[in-house]
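Engineer: Sharing a structure with you now.
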Amino acid sequence: MKMSMLNSEDAVAQAVADAKGPLTIRGGGTRAVGRPVTGQVLDVSGLSGVTLYEPGALTIVAQAGTPVAEIEATLAAENQRLAFEPYDLTGMLGTKGATTIGGVIATNASGPRRIMAGAARDFALGVRFVDGAGHVIKNGGRVMKNVTGYDLVKLMSGSWGTLGVLTEISLKVLPAVEATETLVIDGLTSAGAVAAMAQALGSPFEVSGAAWTDGAVWLRIEGFGSSVAYRADALTALLSKHGDVMRVSDADWTTIRDATPLHGMDSVWRASVKPSDAPALVAALPDGCTTLLDWGGGLVWIGQSGGNAAATHGTIQSTVATLGGHATLIKAPNAVRASVPVFQPEQPGVAALSTALRARFDPRGILNPGLMAA
Amino acid sequence: MEMPVPDSAVLARKARVVERLREVLPHDAVIDDPAETRAYECDALTAYRCPPMVAVLPASTAEVSDVLRICHDEGVPVVPRGSGTSLAGGALPTADCVILGVARMNDVLDTDYDNRIIRVQTGRTNLSVTGAVESDGFFYAPDPSSQLACAIAGNIAMNSGGAHCLKYGVTTNNLMGVTLVQMDGTVVEIGGGHLDAGGLDLLGVICGSEGQLGVVTEATLRILHKPEGARPVLMGFDSAEIAGACVADIIKAGVLPVAIEFMDKMLIEVCEDFAKADYPMCEALLIVEVEGSGAEIDHQLALITEIAQRHNPVALRESASPEESARIWAGRKAAFSAIGRVNDYMCLDGTIPVSELPYVLRRIGEMSKEYGLAVGNVFHAGDGNMHPLICYDANKPGDLEICEAFGAEVLKLCVEVGGCLTGEHGVGIEKRDLMTYQYAPDDLEAQMAVKDVFDAKWLLNPAKVFPLAVSEPRRGARMAAE
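First to last, the sequence lines map onto chains S and D.
In this text, residue positions in the first sequence follow our numbering: the first is 28, and each later residue adds one.
In this text, residue positions in the second sequence follow our numbering: the first is 79, and each later residue adds one.
Put into structure tokens, the structure is as follows:
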């Protein structure tokens, strides 16, 4: 069931105001995550295009349905980039379509550089959105520092379309880099990897990616060529006690960003914990799970094929609840997604606030209802 | 500046409120003697003063919870206060309020270098967070000019920035978790040692909510290893336009300094007099700082210097020593106090797209002549966060009102060119009634809906952020319900 293509903010506002029942908000349609929502599809991919780009001010404004690839190409022409390195779920979920900037912000999708540069929510300067009553609301703006009123930009980032339908987003961008190098240390356990990454990230050498996959730690260094060479040498010396340090100039960080080693698995989770807690989470998993660590260990991707996904889900979320943090089921059969809390259940006090906020922003409960929490 | 009429019903209950507060706090933590409550009559926006009904100084989250529960029961407004350094009147009391100061909560609770976080009580000052970790090579990045005095509680309430946020971000980008006490006394833990929210990003909306959603008693902050070194370069130009063009070229060239600060002639003179940093005398001065190893600094400064040379600088000088760097920054960070020695002033905080800097500076100069008040400019040029300092004479009747009208015109101009009313100081009372220039009624309604959720009775810092006329129905409903 698909609505006619909406190509203006006014049309989105009208469609929301006129809606008689639940809506499934769709940008590129690449992130089929969360509790399955049965609702009329509200397709905002027609709201597309960069509306303003000022390289000298490091800002870009785009309609929410603009493909990320188009934004990245626009930025690349001026030697700039989205520093938070948004991840792409099409490979993992087997979805078609183009990842949109609205989807990236709505899901706060950040890649390996999040540990140094910040998250998608940190680069979102302003939003326009349609709330559940059909009101058009703006917050923030297009300047890099703005504390005028409450920061609803952050509240909208990561709300998965449950508070409003994003229509336009202003973003801070950063210069691209001259050189990149990756240091690799092989043969490490998760605990050994976290220790090595902690030492690297606790150094002054500005590591912009710290991951562990298939027994190997990857550490990325970016910047001006001479600086990268200097820092690579310094880190190699610093980390020698963890193993032999190899230099790779063409490491493919999209492998880490999109958790490529877990593609094709039946079920995938994404957990955020304190980096030093990652080994405990890995140890708690049932046999047969595959893990990939990003963010120095703070982001744990978990994949499982076969096995009891619902039981594994329970183990992961209860372990994370004890450690502190949150785990989200990214991929699983619909029956599993419908039967478990896909997002980490919140503490009662926090859950009460979230529920009350949803009730205020979406009084009829029609925006992706139940996707994040029942 | 208009403030709500104090609630006479609340004032009539003062004795009972004080008695109940004394039941849960030590005797010296409840201040109700009018001679002593005067100490809390203003923050750093000293033009406006009003002693509170009572001031309390709780020493723990449990005590804060007790105080808020009692005030909630009694219908007493509460104004949270960090160190009282707000330039926007964020901690200005009303005569019927309880001031809740967090100054007695200043412990470091946990330092965790492996995960690069520190947990502190929020009465701790900004600079003393760095002080707790610097011997191990770490620091806390946000660096408001008042960092020696300002409290983390106030930094979180206002989402404070600083000179070095061009690279490191502002408070919200460095805040990972809080303990929040809600107005009814409920304590919630939000965020923690992990990154990002598992559900809605409540932390993101609490940061910068100006003490209107709850009282933050503890915070988990991101700490970073200090860079190997840092070095500023001073660049003098014949005009603000040229300096602005130079800033844009530096950014477009792909160099990202940690700070790009601008001062005009008036500020150069008063800061030089104050700090003896040997600033070049010129129309427009840039302080550009880069970080890294010695070789990295040399490389970046070479690129920056080459760009600056294309703009015919009248002065161009790298700092030659750590001592000189310290003096250069001491002068910049003392800008507000330095000008305060020679004049009463009002400090604005509008932010504009960097491309609009020359136009806005020219218009401010023209307005200065129209209003007959001198203006100095000092600001974070890399991110367009301006700080025009409008000089006036507090002893001259009517001068403050002229100054306020001038300030309002400047802030409207900031919004017109695509910017905002406040980049890092907050709305407080100062910009409260200008909010309608930036936001439509529905925009403000959405923000107030958030406050409704956290503080249904509108008791926390109620006369701030939103224009009084706009928030009146909500504040009035509380008083009518009593």
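Cβ atoms here follow ideal geometry from the backbone N, Cα and C, with glycine treated the same way.
Classify P390 (chain S) as buried or exposed, calling it buried when 16 or more other Cβ atoms lie within 10 Å of its own Cβ.
Structural biologist: Taking the first residue of the first sequence as 1, we reach residue 390 (chain S) at position 363. So P390 (chain S) counts as exposed.
Engineer: With a 10 Å radius around its C-beta and 16 neighbouring C-beta atoms as the bar for buried, classify M28 (chain S) as buried or exposed.
Structural biologist: As a position in the first sequence, residue 28 (chain S) is number 1, starting the count at 1. Low confidence applies to M28 (chain S): its pLDDT is 40, below 50, so where it sits in the model is not reliable, and the reading given next is rough at best. Under this definition M28 (chain S) is an exposed residue.
Engineer: Since E99 (chain S) and L109 (chain S) should fall inside the 8 Å C-beta cutoff, what is the C-beta to C-beta distance between them, to a whole number of angstroms?
Structural biologist: On the first sequence, position 72 is the one that residue 99 (chain S) refers to. On the first sequence, position 82 is the one that residue 109 (chain S) refers to. Right, the Cβ-Cβ distance comes to about 6 Å (below 8 Å), so this counts as a contact.
Engineer: If you draw a straight line from the alpha carbon of C316 (chain S) to that of A218 (chain S), how long is it in whole angstroms?
Structural biologist: Indexing the first sequence from 1 puts residue 316 (chain S) at position 289. Indexing the first sequence from 1 puts residue 218 (chain S) at position 191. Approximately 17 Å between the Cα atoms of the pair.
Engineer: Can a CB atom of chain S be found closer than 8 Å to the CB of G454 (chain D)?
Structural biologist: If you number the second sequence from 1, residue 454 (chain D) lands on position 376. No, no contact with chain S.
Engineer: Examine chain S for any beta-carbon lying closer than 8 Å to the beta-carbon of A93 (chain D), and answer yes or no.
Structural biologist: Position 15 of the second sequence, counted from the first residue, corresponds to residue 93 (chain D). No, A93 (chain D) lies away from the interface with chain S (no Cβ there is under 8 Å from its Cβ).
Engineer: Is it buried or exposed, P335 (chain D), if we count other Cβ atoms within 10 angstroms and call 16 or more buried?
Structural biologist: Locating residue 335 (chain D) in the second sequence gives position 257, counting from the first residue. Counting Cβ neighbours within 10 Å, P335 (chain D) comes out buried, since at least 16 surround it.
Engineer: May I ask you to list the residues that DSSP assigns as paired with M341 (chain D)?
Structural biologist: The residue given as residue 341 (chain D) occupies position 263 in the second sequence. In the DSSP output, where bridge partners are listed per residue, M341 (chain D) has D:L363 and D:V456.
Engineer: Kindly confirm or deny that the region 514-523 of chain D and the region 131-138 of chain D touch, where touching means at least three C-beta pairs closer than 8 Å.
Structural biologist: These segments do not touch.
Engineer: So, is G271 (chain D) buried or exposed, given that buried needs 16 or more other C-beta atoms within 10 angstroms?
Structural biologist: By one-based count along the second sequence, residue 271 (chain D) stands at place 193. When all chains shown are included, G271 (chain D) counts as buried.
Engineer: Helix, strand or coil: which one does DSSP assign to F156 (chain S)?
Structural biologist: For this step, residue 156 (chain S) is matched to residue 129 along the first sequence. Looking at F156 (chain S) - three-state DSSP - the assignment turns out to be strand.
Engineer: Would a check of beta-carbon distances place D285 (chain S) closer than 8 Å to chain D?
Structural biologist: Here residue 285 (chain S) refers to the residue found at position 258 when the first sequence is read from its first residue. No, D285 (chain S) lies away from the interface with chain D (no Cβ there is under 8 Å from its Cβ).
Engineer: Counting along the chain, where does the alpha helix (DSSP H) carrying Y470 (chain D) start and finish?
Structural biologist: Your numbering for residue 470 (chain D) matches position 392 in the second sequence. Taken as a continuous stretch (DSSP letters only), Y470 (chain D) belongs to no alpha helix (DSSP H), being part of the beta strand (DSSP E) at P466 to Y470.
Engineer: What do you get for W364 (chain S), buried or exposed, if any count of 16 or more other CB atoms within 10 angstroms of its CB means buried?
Structural biologist: Here residue 364 (chain S) refers to the residue found at position 337 of the first sequence. Looking at the sequence shown, residue 364 (chain S) is not Trp but Arg. By the 10 Å Cβ count, R364 (chain S) comes out buried.
Engineer: In the DSSP output, which residue or residues are listed as bridge partners for M292 (chain S)?
Structural biologist: Translated into the one-based positions of the first sequence, residue 292 (chain S) becomes position 265. Answer by DSSP bridge pairing: none, since M292 (chain S) is not bridged.
Engineer: According to the Cβ coordinates, are R140 (chain S) and L152 (chain S) closer than 8 Å?
Structural biologist: Taking the first sequence and counting its residues from 1, the one referred to as residue 140 (chain S) is at position 113. Taking the first sequence and counting its residues from 1, the one referred to as residue 152 (chain S) is at position 125. Not in contact: R140 (chain S) and L152 (chain S) (Cβ atoms no closer than 8 Å).
Engineer: Is M224 (chain S) closer than 8 Å to G462 (chain D) when the C-beta atoms are compared?
Structural biologist: Counting from one through the second sequence, the residue named residue 462 (chain D) turns up at place 384. Counting from one through the first sequence, the residue named residue 224 (chain S) turns up at place 197. Contact: no.
Engineer: Quick test of your reading: G307 (chain D) and G370 (chain D), contact by CB under 8 Å. State the CB separation rounded to the nearest angstrom.
Structural biologist: Position 229 of the second sequence holds residue 307 (chain D). Position 292 of the second sequence holds residue 370 (chain D). Sure, about 7 Å apart at Cβ, within 8 Å.
Engineer: Are any of the Cβ atoms in chain D nearer than 8 Å to that of G392 (chain S)?
Structural biologist: The residue you call residue 392 (chain S) lines up with position 365 of the first sequence. Cβ-Cβ to chain D under 8 Å: no for G392 (chain S).
Engineer: Return the CA-CA distance between N421 (chain D) and N237 (chain D), expressed in angstroms with no decimal places.
Structural biologist: Within the second sequence, residue 421 (chain D) is the residue found at index 343, counting from 1. Within the second sequence, residue 237 (chain D) is the residue found at index 159, counting from 1. Going by the C-alpha atoms only, they are around 28 Å apart.
Engineer: Can you tell which of S:N135, S:T127 and S:V77 has its C-alpha closest to the C-alpha of L278 (chain D)?
Structural biologist: Position 200 of the second sequence, counted from the start, is the residue given in the question as residue 278 (chain D). Ranking the options by Cα distance to L278 (chain D), first place goes to S:N135.
Engineer: Could you check whether the Cβ of D192 (chain D) sits closer than 8 Å to any Cβ belonging to chain S?
Structural biologist: As a position in the second sequence, residue 192 (chain D) is number 114, starting the count at 1. Yes, contact with chain S.
Engineer: Would you say F457 (chain D) reaches chain S, if we count a Cβ-Cβ gap shorter than 8 Å as a contact?
Structural biologist: Here residue 457 (chain D) refers to the residue found at position 379 of the second sequence. It does not; no Cβ of chain S falls within 8 Å.
Engineer: Taking its Cβ as the centre, do 16 or more other Cβ atoms sit within 10 Å of E401 (chain D), making it buried, or is it exposed?
Structural biologist: Your numbering for residue 401 (chain D) matches position 323 in the second sequence. Counting Cβ neighbours within 10 Å, E401 (chain D) comes out exposed, since fewer than 16 surround it.
Engineer: If F315 (chain D) and C360 (chain D) are in contact, beta carbons under 8 Å, what's the gap, nearest whole angstrom?
Structural biologist: Reading the second sequence from its first residue, position 237 is the one you call residue 315 (chain D). Reading the second sequence from its first residue, position 282 is the one you call residue 360 (chain D). The Cβ separation is near 6 Å, so the contact holds.
Engineer: Measuring only the C-alpha atoms, how far is R159 (chain D) from A169 (chain D)?
Structural biologist: As a first step, residue 159 (chain D) is located in the second sequence; it is residue number 81 there, counting from the start. As a first step, residue 169 (chain D) is located in the second sequence; it is residue number 91 there, counting from the start. Taking the straight line from one Cα to the other gives about 5 Å.
Engineer: Below 9 Å on C-beta distance, what does S446 (chain D) contact in chain C?
Structural biologist: The structure shown contains no chain C; the protein chains it does contain are S and D.
Engineer: Distance check for P305 (chain D) and L326 (chain S), CA to CA, integer angstroms please.
Structural biologist: Within the first sequence, the letter at position 299 stands for residue 326 (chain S). Within the second sequence, the letter at position 227 stands for residue 305 (chain D). Rounded to whole angstroms, L326 (chain S) to P305 (chain D) spans 25 Å at the Cα level.
Engineer: Starting from the Cα of D174 (chain D), find the closest Cα among D:V248, D:V528, D:L89 and D:A113 and give me that residue.
Structural biologist: Within the second sequence, numbered from 1, the residue matching residue 174 (chain D) stands at position 96. Answer by Cα proximity: D:L89.
Engineer: Can a CB atom of chain D be found closer than 8 Å to the CB of L308 (chain S)?
Structural biologist: For the purposes of this step, residue 308 (chain S) is identified with residue 281 of the first sequence, where counting begins at 1. So, not an interface residue.
Engineer: Between Q374 (chain S) and chain D, is there a C-beta pair that is closer than 8 Å?
Structural biologist: Against the first sequence, residue 374 (chain S) aligns to sequence position 347. Output row for Q374 (chain S): interface = yes.
Engineer: State the start and end residues of the unbroken alpha helix (DSSP H) segment that holds Y515 (chain D).
Structural biologist: As a working mapping, residue 515 (chain D) is identified with position 437 in the second sequence. Here the alpha helix (DSSP H) through Y515 (chain D) covers M513 to Q516.
Engineer: Which partner residues of E208 (chain S) appear in the DSSP bridge assignment?
Structural biologist: Taking the first sequence and counting its residues from 1, one reaches residue 208 (chain S) at position 181. Answer by DSSP bridge pairing, in chain order: S:I248.
Engineer: What residues match up with H377 (chain D) in a beta bridge as DSSP calls it?
Structural biologist: In the second sequence, residue 377 (chain D) corresponds to position 299, counting from 1. H377 (chain D) pairs with nothing; no bridge assigned.
Engineer: Please list the residues of the region 429-441 of chain D that have a C-beta atom closer than 8 Å to any C-beta atom in chain S, keeping them in chain order.
Structural biologist: Per Cβ criterion, the list reads T429, I430, P431, V432 and S433.
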